[in-house]
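Working notes for the structure below.
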Amino acid sequence: MKRLSLHFLLCLYLCCTVCVSVRAKECVDYVNNRIGNISLLLVPTFPTSHLPNGMLRMNPGHQEFINDRTEGLPLNVPSHRQGHVLLLQPYCGPVSGLASLRSFTYDQEVTRPESYSVVFDEYGIACQFVPSRSSALCRFTFEQAGHRFIALRTAGRGELTTDGRVMKGYEDYHGIRHYFYLEFSEVPERITSDEIDGHNRLVASFGDGQGQVIVRYGISYIDEVQARRNLEREVSGFDLRLLLKQARNAWNEVLGKIQVKGATEDQLTVFYTALYRAHERMICISEDGRYFNGFDGRVHSDEGTPFWTDDWIWDTYLALHPLHCLLHPKAESEKIVSYLRMFEASGWVPTFPCVFGDAHCMNGNHAAVMMSDALAKGIPFDVARAAQAMKKTVLTESMIPWYRGDKTVLDDFYREHGWFPALCADEKETCREVTGEKRQAVAVTLAACYDDWAIARLFRAAGQHSDEEYFNRRSFNYRHLFHPQTLFFHPKDADGNFIEPFDYVFSGGLGARDYYDENNAWTYNWQVQHNVADLIQLFGGAEPFVRKLDQLFDEGLHRSKWQYYAVLPDATGNVGQFVMGNEPSFHIPYLYCYAGQPWKTQKRIRMLLESWFRNDLMGICGDEDGGGMSAFCVFSSLGIYPVVPGLPYYVIGSPLFERSQLCLEGGKTFTIVARNVSHENKYIQSARLNGKPYNKVWISHQDVVSGGKLELVMGPRPNKSWAASSDALPPSFDLPAALQP
């Protein structure tokens with residue numbers, strides 16, 4: 011009996027221990043930054059270790075998870091997916107081996123948002139890395155006897171110097187200087203300099219023996235002195251445990267802004283990993299009240315408003331910026347100020363701002379939409395200044411994709427006629443400014459329409475109504491390209507004729523770039539977010555609109571997979587001709603709500619989340635361009651989505667979780683409850699907002715940020731009468747007076 015009691019108590023103790031362990035699991039522990047590290051076709055995700063929106067980011071120097079060789083540990087990844095700088099390379103062995111030190115085999119790699127560890131197995135060296143905002147610690151444990159070295163080499167060209175236990179200098183990165191200041195936990199026997207494969211290198215020697223050497227370093231875009239200040243401000247010693255605790259706290263604070271319950275472990279992992287990836291960019295690069303502006307190559311005072319950069323607005327305006335409007339409105343205001351500072355330094359608002367300036371990719375200038383969205387959601391900035399900046403940019407800078415220069419004859423044609431002229435398949439290009447990205451005539455026209463609508467809203471708020479009217483008129487230019495017989499946006503030549511013959515799946519060459527961009531006509535058929543009601547009328551009403559939407563998800567690839575992807579490699583994550591793996595598709599499943607059939611949105615969204623966002627190495631279906639796709643996952647998992655950035659509301663979808671709580675500014679919380687929710691119970695039966703019956707398929711931004719509760723009752727079959735009436739539809743093009751900013 012006594013033995014049984016002891017056995018019972020032991021089991022009880024173990025159960026309690028396990029329960030405490032489960033309860034103690036924090037938000038950051040759910041992040042699996044391995045998700046998507048093997049790509050379906052294009053660029054994989056990277057297992058980046060950094061603080062939320064921190065200036066310093068590190069991911070190991072290998073491209074695919076299945077590659078077991080790495081170049082070393084970069085001191086920083088200055089811009090998402092655009093290369094690293096300054097590689098740390100530990101080595102144990104004879105001096106002669108340094109001459110061939112180019113890459114390592116590795117094992118036991120553990121990647122976390124707040125830390126990274128790996129074993130360079132051929133030399134028996136274990137590494138542990140922990141980041142801060144502009145500095146980091148890295149501990150090397152030499153597990154076998156031999157002469158110990160730590161090398162630092164440039165990834166490009168640069169200048170490296172040494173002083174006792176210190177390495178410092180810079181590397182040239184896309185024409186700017188990336189400075190660093192690095193110290194060792196013990197004084198090296200000597201530090202020598204040499205060159206390997208055309209790269210400068212410093213090698214610190216620590217003599218024979220086993221044991222640890224810890225490196226701490228700071229980075230800066232200002233100078234070496236500032237790099238040292240950044241280090242000393244953030245990392246006072248060589249204590250990895252202290253820095254790790256601080257990094258975990260930083261991540262838990264950010265990830266904890268959204269608390270979810272009633273989910274599987276896989277759902278929690280996918281969700282918090284997506285929220286983690288939504289905090290890689292933009293990055294704040296103010297350093298003690300100063301910042302380097304890559305647009306004019308000068309250091310400025312930030313005058314109390316931090317400077318942000320590293321954004322690919324074509325990818326991020328749809329979901330990432332709206333997510334930050336909700337969670338970090340003050341930072342979103344600072345980002346707009348930063349865009350305006352870039353405009354002042356260069357004369358145009360950028361499209362892909364990086365630490366070195368404007369990479370200027372893709373088409374359109376959706377900074378206008380990002381600004382308009384912030385305006386609609388009550389985020390303060392100088393609206394009149396923003397309106398003038400966008401006006402100057404869209405009227406004087408060329409619309410030609412990937413080309414940063416003055417307007418051309420094609421731009422003049424657009425202003426006069428209202429569409430970007432296309433060429434026939436066998437017609438030679440006549441505009442020398444057009445690059446290998448081609449004209450993208452339909453995509454450029456549709457992007458400009460949305461941007462012009464957003465600019466009009468800026469001018470309305472600024473009280474400049476003639477400019478508002480001008481840009482509002484331009485925002486209807488999409489009508490010029492709608493083909494009333496085929497119900498597609500169809501390219502026209504300079505004479506106003508539809509290009510014929512035409513294949514809506516494959517015409518346009520690689521990525522359909524002659525006429526669209528990365529996706530074909532099936533994707534671009536829905537790119538009128540700012541005026542969905544008018545788009546529905548172009549289709550002939552709600553019924554034909556829904557039929558075309560249904561066909562989108564049912565339409566086959568028309569060729570074998572390898573032939574399809576040879577033409578459209580960006581169009582991954584297919585469901586019929588719908589492309590989950592590319593940003594222009596994000597809003598499309600929600601369009602059923604505008605045609606009175608929200609239950610079809612609920613069905614589609616659930617299937618897309620469960621199919622294409624998974625807890626595995628191939629769990630992301632396309633390019634994760636620094637948070638865009640992940641922000642779609644975050645919103646859609648919560649059950650709301652910002653279909654029209656620039657209008658202050660969210661369309662209601664199908665939440666994954668029983669309870670989601672958003673912790674907002676001013677201590678407010680907004681809770682979404684989905685009663686009976688499950689894999690099967692994905693359809694909304696009824697809703698209540700703050701205790702009152704709710705029969706709309708959208709909810710205002712103000713209702714969310716004011717705090718409150720949206721309660722949804724879920725079931726296994728659609729309630730086709732819920733939110734299906736005309737007064738339940740989301741606003742389109744303009745706003746009712748109650749929602750005016």
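Take the position in the sequence shown, starting the count at 1, then add 10; the result is the number in the working numbering. Beta carbons: idealized from backbone N, C-alpha and C, even for Gly. Computed from a prediction, not measured in an experiment: that's the story for all the values here.
In terms of DSSP beta bridges, what is Y349 paired with? What you label residue 349 is simply residue 339 of the sequence shown in a count that begins at 1. In DSSP, Y349 forms no bridge with anything.
Can you round the beta-carbon distance between D173 and N373 to whole angstroms, since I take them to be within the 8 angstroms contact cut? If you number the sequence shown from 1, residue 173 lands on position 163. If you number the sequence shown from 1, residue 373 lands on position 363. Not a contact, Cβ separation roughly 49 angstroms.
Report buried or exposed for H689, applying the criterion of at least 16 other Cβ atoms within 10 angstroms of its Cβ. Here residue 689 corresponds to residue number 679 of the sequence shown, with the count starting at 1. Answer is exposed; the Cβ neighbour count stays below 16.
Whole beta strand (DSSP E) elements within the region 197-277, 3-residue minimum: 200-206, 209-218, 221-230, 268-271
Quick one, are the C-beta atoms of F498 and Y488 less than 7 angstroms apart? What you label residue 498 is simply residue 488 of the sequence shown in a count that begins at 1. What you label residue 488 is simply residue 478 of the sequence shown in a count that begins at 1. No, they are not a contact pair.
If you drop the 5 nearest sequence neighbours on each side, which residues of the same chain put their C-beta closer than 6 angstroms to that of N729? Translated into the one-based positions of the sequence shown, residue 729 becomes position 719. The answer, listed in chain order, is Q695.
According to DSSP, is I662 part of a helix, a strand, or is it coil? Along the sequence shown, one-based indexing puts residue 662 at 652. Reduced to three states, the DSSP call for I662 is strand.
Please list the segments of the alpha helix (DSSP H) lying wholly inside the region 79-119, counting only runs of 4 or more residues, in order along the chain. none
Can you list, in chain order, the residues of its chain with a C-beta nearer than 7 angstroms to that of Y575? Leave out the 5 residues immediately preceding and following it. Position 565 of the sequence shown, counted from the first residue, corresponds to residue 575. So the list reads L51, once near-sequence residues are dropped.
Since K719 sits in a beta bridge, which residues does DSSP pair it with? Counted from its first residue, the sequence shown places residue 719 at position 709. DSSP lists T681 as partners of K719.
Residues that DSSP places opposite T121 in a beta bridge: To locate residue 121, count along the sequence shown from 1; it is residue 111. Note: T121 sits in a beta bridge opposite Y126.
Using only alpha-carbon positions, find the residue among A136, E242, E169, L548 that is nearest to V223. On the sequence shown, residue 223 is found 213 positions in, with the first residue counted as 1. For the residues A136, E242, E169, L548, the minimum Cα distance to V223 belongs to A136.
With three or more C-beta pairs closer than 8 angstroms as the rule, is the region 589-606 touching the region 521-535? yes
Are Q607 and V556 close, meaning C-beta to C-beta below 7 angstroms? Numbered from 1 along the sequence shown, position 597 holds the residue referred to as residue 607. Numbered from 1 along the sequence shown, position 546 holds the residue referred to as residue 556. Yes, the Cβ-Cβ distance between Q607 and V556 is below 7 angstroms.
Output the boundary residues of the beta strand (DSSP E) element that contains Q695. For this step, residue 695 is matched to residue 685 along the sequence shown. From DSSP, the beta strand (DSSP E) with Q695 extends over 693-699.
How big is the Cα-Cα spacing for G717 and Y659? Here residue 717 is taken as the residue at index 707 of the sequence shown, counted from 1. Here residue 659 is taken as the residue at index 649 of the sequence shown, counted from 1. For G717 and Y659, the distance between alpha carbons rounds to 14 angstroms.
Look up F152 in the DSSP assignment and give the residues it is bridged to. Sequence index remark: in the sequence shown, residue 152 carries index 142 (1-based). BP columns for F152 point to I135, G221.
Would you verify that the beta carbon of R163 is, or is not, closer than 7 angstroms to some beta carbon of chain D? The structure shown contains no chain D; it is built from a single protein chain.
Going by DSSP in three states, H597 sits in which element: helix, strand or coil? Stepping through the sequence shown from its first residue, residue 597 is reached at position 587. In the structure shown, H597 sits in coil (DSSP, three-state: anything other than H, G, I, E or B).
Closest Cα partner of N262 within the set D544, D744, Y604, P62: On the sequence shown, residue 262 is found 252 positions in, with the first residue counted as 1. Ranking D544, D744, Y604, P62 by Cα distance to N262 puts P62 first.
In DSSP terms, what S670 is bridged to: Along the sequence shown, read from residue 1 onward, the residue named residue 670 stands at position 660. DSSP output for S670 lists V270, I682 as bridge partner(s).
Within 10 Å of its beta-carbon, does S646 have 16 or more other beta-carbons around it, so buried, or fewer, so exposed? Looking up residue 646 in the sequence shown gives position 636. Buried, because 16 or more other Cβ atoms sit within 10 Å of the Cβ of S646.
Separation of H427 from H310, as counted between CA atoms: Walking along the sequence shown from the start, residue 310 turns up at place 300. Walking along the sequence shown from the start, residue 427 turns up at place 417. Approximately 42 angstroms between the Cα atoms of the pair.
Going by C-alpha to C-alpha distance, which of L66, S59, R67, I76 sits closest to L627? The residue you call residue 627 lines up with position 617 of the sequence shown. The residue with the shortest Cα to Cα distance from L627 is I76.
Quick one: grab the DSSP three-state call for R33. On the sequence shown, position 23 is the one that residue 33 refers to. Residue placement at R33 cannot be trusted, given a pLDDT of 47 that sits under 50; the coordinates are not used to answer.
Where does the unbroken beta strand (DSSP E) through N303 begin, and where does it stop? Position 293 of the sequence shown, counted from the start, is the residue given in the question as residue 303. That run of the beta strand (DSSP E) goes 300-303.
Tell me whether Q118 is buried or exposed, calling it buried when 16 or more other Cβ atoms sit within 10 Å of its Cβ. As a first step, residue 118 is located in the sequence shown; it is residue number 108 there, counting from the start. It counts as exposed.
Could you tell me the alpha carbon to alpha carbon distance between N210 and E169, rounded to whole angstroms? Numbered from its first residue, the sequence shown carries residue 210 at position 200. Numbered from its first residue, the sequence shown carries residue 169 at position 159. Looking at the two C-alpha atoms, the distance is approximately 7 angstroms.
Should R226 go down as buried or exposed, given a rule of 16 or more other Cβ atoms within 10 Å for buried? As a working mapping, residue 226 is identified with position 216 in the sequence shown. Buried.
Report the rounded CA-to-CA distance for A697 versus C643, giving the unit in angstroms. What you label residue 697 is simply residue 687 of the sequence shown in a count that begins at 1. What you label residue 643 is simply residue 633 of the sequence shown in a count that begins at 1. Rounded to the nearest angstrom, the two C-alpha atoms are 22 angstroms apart.
Report the partner residues of C364 according to the DSSP bridge assignment. Locating residue 364 in the sequence shown gives position 354, where the first residue counts as 1. Beta-bridge pairing links C364 to G367.
Of the residues D505, V129, K401, L433, which one's Cα is nearest the Cα of R484? As a working mapping, residue 484 is identified with position 474 in the sequence shown. Nearest C-alpha to R484: K401.
Can you give me the C-alpha to C-alpha distance between I615 and L212, rounded to a whole angstrom? For the purposes of this step, residue 615 is taken as the residue at position 605 of the sequence shown. For the purposes of this step, residue 212 is taken as the residue at position 202 of the sequence shown. Using only the alpha carbons, I get a separation of about 53 angstroms.
Hey, how far is the Cα of P198 from the Cα of R175? Indexing the sequence shown from 1 puts residue 198 at position 188. Indexing the sequence shown from 1 puts residue 175 at position 165. Each residue's alpha carbon lies about 6 angstroms from the other.
CB-CB length for G208 against F667, believed under 8 angstroms: Mapped onto the sequence shown, residue 208 falls at position 198. Mapped onto the sequence shown, residue 667 falls at position 657. Not really, about 53 angstroms apart at Cβ, beyond 8 angstroms.
Since I believe K706 is in contact with A738 (beta carbons under 8 angstroms), could you give me their beta-carbon distance rounded to a whole number of angstroms? Indexing the sequence shown from 1 puts residue 738 at position 728. Indexing the sequence shown from 1 puts residue 706 at position 696. At roughly 5 angstroms, the Cβ-Cβ gap stays under 8 angstroms, so A738 and K706 are in contact.
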